[in-house]
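Quick notes on the structure that follows.
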Amino acid sequence: MVHAESVNQGGEFIILDTDDMNGRWSPFRNWISLAGLVLAAASLFSFVLLFVIDSMAKEPSPYQGLLTFVVAPGFFVAGCGLMLLGWFFQRRYQIKHAAGAPPPFLSIDLSRPQDRRCLFWFAFSAVIFLLVAAVGSYHSYHYVESVAFCGQLCHKPMHPEYTTYIKSPHARVSCTECHVGPGAASFVKAKLNGVHQLYATLTDSFDRPIKTPLHAMREAKYTCENCHWPQKYIGNKEKTYVRYLSDETNTVVATRMLLKVGGGDPAHGPVGGIHWHMNLNNKVEYLATDDRRQEIPWVRLTNAKGEVTEYRAAGFTNEVNTAQVRVMDCIDCHNRPAHQYSSPGNAVDLSLRTGRLDPNLAGIKMNAVEALSAEYTTQAEARDKIAEFLKSKYPQEAKLSSMVAEVQQIYAQNIFPEMKASWKAYPDNIGHKEWPGCFRCHDGRHKTADGKQKIEASNCNDCHVILAQAAGKEASAFDPQGLTFSHPDPSDDGTGANCNTCHGTE
Ligand code: HEC
Ligand code: HEC
Ligand code: HEC
Ligand code: HEC
Ligand code: HEC
Ligand code: HEC
């Protein structure tokens, strides 16, 4: 029985009805609770509808996911909240204004048919609600942990990371497995951090490029090592690097190498090689003096016996602030496992090697790299200018359109002018050609105080053995003892340590 008995009396709370047919108090009969009921019912209905649509869609859209699993449940909770708020005000009003004893907090009398009906509907809707909530919260949890939520919803800021991720060896690993890791505490922390990121996205105030290293990222122990067992012995890994020179004939420079990855656990193989660093018995710590961890003037090694060796770069005499010291883990070498931004040179080499660009086209390496290296302000501008430039270089070429498409594709996948993200913005620490990488420490200039020990670099064979340096048939006639690297360009004899001074970003 709803009749407006006492409508807003002098700014008082608005009451619909103070007593029902039996003269009993009904605390939910007020405008606020009713509005809450309508809101809750409508959002529950929308949730069910969206959920059905979402389950039937072949490729659910991240925006619809947001509506289904975040917005609809949010409104539902708000509706329930309003119902309680109305109840609370109504009760307060009642206590203040009703004559006689204050209304009971709750009174159920099972001898009354109306109470029995009420109780039945209450139990029935509670069961339905719990079922929907269980399914919904399960899906909501998975949704906010999904690649669609992290990578596609914040389309603009995450575009470079998402684009590089879907072509990485970790394309099937979800963002959160590396960026959040397991555990309720890290889930909550990541979502709180997400509120700040959402604000930055809405107000367009995020960093361009997004700054790395990511200080919020957890230690490799809680992320990478959930899948990769650090004890694993890898041994030697063979890799052939096929490069092309910037000359008219695109001369091939192939280097076939054995990378001595090795291992760090004596139970599974000899301890040594590159993965010696993650020897579970050793600890390598370092201090970086720049915010991208590229300058490392101090390194401390604690070996299995607990002996400590401290290495300092020439001229570094500062006191070391222990709070800034970092223990080396997987990410100090593998910092681009999911987002690799190739340099124009390396990307064009891959296209030539796989035939997506024709290596017989005169000067194609040089021209494609030049087109990719120019400064553009947007993807659209880059697309147009790349086409224009290549057209001017190869006006007669029959395969011009596929060549242009390939170079545009390389650009779109590796260089993101809107976010200022590219190989220049993000160091890659795994090798030493474009960035200092291993040579941050292995430059032969990090020594102990007495000068007797240093972090080795003099021998190129410490980390890899060059089996062959040639293209075609000659590459199979390799020398297992290892060859001395013969640098293809006379400007360098190939034995200087700092390859990145010429091949890098400067
Ligand atoms: C295999 C693990 C892994 C996966 C999967 C992964 N990332 Fe990353 N991500 C990293 C590492 C490592 C870094 C570099 C951290 C550093 O330098 O401190 C990084 C860096 C980033 C950065 C900083 C900017 C940059 O480009 O370096 C963003 C943003 C980011 N990731 C977003 C994502 C998103 C979104 C996804 C899913 C679409 C994702 N990541 C998936 C490991 C991963
Ligand atoms: C959820 C599991 C998972 C997590 C977490 C994970 N990886 Fe992987 N990783 C894989 C799988 C699976 C592969 C193999 C992919 C293949 O060969 O198809 C792989 C491959 C790799 C490779 C070899 C890549 C190549 O070029 O062949 C490296 C290096 C690597 N992961 C490093 C990391 C690092 C560093 C992290 C932490 C930032 C990490 N992974 C986190 C599952 C994972
Ligand atoms: C000192 C630097 C360094 C550290 C620290 C390091 N790695 Fe590596 N890792 C390398 C290099 C270099 C390679 C070979 C590079 C390549 O494949 O291009 C490699 C190769 C790998 C591979 C590929 C193996 C294969 O069979 O292809 C995996 C997986 C891997 N590392 C995982 C890890 C994990 C997990 C950690 C941390 C527990 C780790 N690495 C720590 C430098 C490092
Ligand atoms: C933070 C400093 C640091 C970085 C970065 C670093 N190393 Fe090392 N590395 C060391 C130290 C310290 C040692 C032990 C001293 C020595 O043997 O020269 C070492 C030892 C080694 C060894 C000899 C292991 C053995 O069998 O005794 C190899 C191989 C090696 N590093 C490879 C690499 C490679 C490859 C990279 C780059 C992907 C790299 N390191 C990056 C600090 C570093
Ligand atoms: C501290 C270990 C280490 C030392 C010392 C080292 N390298 Fe390397 N080098 C690497 C690693 C790791 C890679 C592989 C990077 C990758 O996976 O792409 C590499 C890659 C290379 C490549 C292939 C580059 C490309 O992308 O085409 C060449 C060539 C090379 N090294 C030459 C040398 C020469 C010459 C020296 C001696 C001056 C040397 N390296 C010393 C670790 C080392
Ligand atoms: C003094 C400058 C300089 C230094 C230092 C230098 N390079 Fe080069 N490098 C060049 C030039 C110039 C070319 C020819 C580039 C071209 O034709 O596109 C070249 C070509 C190459 C190529 C084949 C083409 C390509 O672009 O990949 C490889 C591989 C290479 N260098 C590896 C190295 C390595 C490894 C080191 C460090 C040990 C190194 N370079 C140090 C200048 C240098």
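Okay, so the sequence shown: first residue is 290 according to the numbering used here, each after it adds one.
Built from N, CA and C at the ideal position, the CB exists for glycine as well.
CA-to-CA distance, residue j to residue i, given in whole angstroms
i, j, result
"Ile755", "Asp768", "8 Å"
"Cys727", "Ala474", "34 Å"
"Met708", "Val469", "23 Å"
"Trp376", "Val424", "28 Å"
"Gly793", "Asp778", "16 Å"
"Asn624", "Glu686", "40 Å"
"Pro725", "Asp732", "9 Å"
"Ser315", "Ala505", "51 Å"
"Val337", "Ala412", "20 Å"
"Gly771", "His753", "9 Å"
"Leu395", "Leu408", "13 Å"
"Pro345", "Tyr352", "According to the sequence as given, residue 345 is Met; it is not Pro. Computed Cα separation, rounded: 15 Å."
"Asp308", "Arg381", "The predicted position of Asp308 is uncertain, since its pLDDT is 47 and thus under 50; no value can be drawn from it."
"Met310", "Arg406", "Note that Met310 scores 43 on pLDDT, short of 50, meaning its location in the model is unreliable and no value can be drawn from it."
"His776", "Leu534", "11 Å"
"Arg601", "Glu745", "13 Å"
"Arg615", "Gln441", "32 Å"
"Gly561", "Met655", "40 Å"
"Asn718", "Trp712", "12 Å"
"Cys513", "Pro471", "11 Å"
"Phe334", "Lys674", "51 Å"
"Leu326", "Leu371", "8 Å"
"Pro403", "Ala415", "Checking the sequence shown, residue 403 turns out to be Gln, not Pro. The alpha-carbon atoms of Gln403 and Ala415 are separated by roughly 18 Å."
"Ala517", "Asn748", "Rather than Ala, the amino acid found at residue 517 in this sequence is His. Roughly 30 Å between the two C-alpha positions."
"Ile653", "Gln668", "22 Å"
"Asn571", "Asn610", "21 Å"
"Phe340", "Val421", "10 Å"
"Leu679", "Arg729", "38 Å"
"Ser332", "Val550", "56 Å"
"Glu670", "Ser681", "17 Å"
"Lys231", "Leu374", "Because residue 231 is not part of the residues shown, which for the chain are 290 to 795, the question remains open."
"Val637", "His628", "18 Å"
"Cys467", "Tyr427", "21 Å"
"Cys791", "Phe476", "43 Å"
Those residues which DSSP pairs with residue i across a bridge
i, result
"Tyr600", "Val588"
"Tyr575", "Val588 and Arg615"
"Asn525", "Lys549"
"Gly561", "Gly552"
"Arg532", "Val542"
"Lys743", "Lys736"
"Val754", "Leu547"
Contact belief for residue i with residue j at Cβ below 8 Å, rounded distance in angstroms
i, j, result
"Ser429", "Pro502", "In fact, because the Cβ distance is near 31 Å, the residues do not count as touching under 8 Å."
"Gly552", "Ile523", "6 Å"
"Arg545", "Ala701", "That pair is no contact at about 31 Å."
"Leu328", "Ala390", "Not confirmed; about 33 Å, so no contact."
"Phe358", "Tyr432", "4 Å"
"Lys526", "Leu548", "5 Å"
"Thr666", "Pro626", "About 30 Å separates the two Cβ atoms, so there is no contact after all."
"Leu590", "Thr578", "Not a contact, Cβ separation roughly 19 Å."
"Trp587", "Tyr575", "7 Å"
"Glu537", "Ala657", "About 14 Å; that fails the 8 Å criterion."
"Ile620", "Ala460", "Going by Cβ atoms, the distance from Ile620 to Ala460 rounds to 19 Å, so no, they are not a contact pair."
Whole runs of the alpha helix (DSSP H) within the segment 632-716, excluding any shorter than 4 residues: Entirely contained in the segment 632-716, the alpha helix (DSSP H) runs reaching 4 residues are, in chain order, 633-642, 653-662, 668-682 and 689-703.
contact_flag[the segment 628-642, the segment 653-665] where n(CB pairs < 8 Å) is 3 or more: Yes, they touch.
Three CB pairs or more closer than 8 Å across the segment 478-497 and the segment 442-451: yes
Inter-stretch contact at 8 Å, needing at least 3 Cβ pairs: the segment 736-751 / the segment 475-485: no
Three-pair Cβ contact test at 8 Å for the segment 690-700 versus the segment 633-651: yes
Uninterrupted beta strand (DSSP E) stretches inside the segment 407-459 (no shorter than 3 residues): none
Length-filtered (4 minimum) alpha helix (DSSP H) runs lying within the segment 352-391: 361-386
Completely contained alpha helix (DSSP H) runs for the segment 475-527, where each covers 4 or more residues: Correct list: 513-516.
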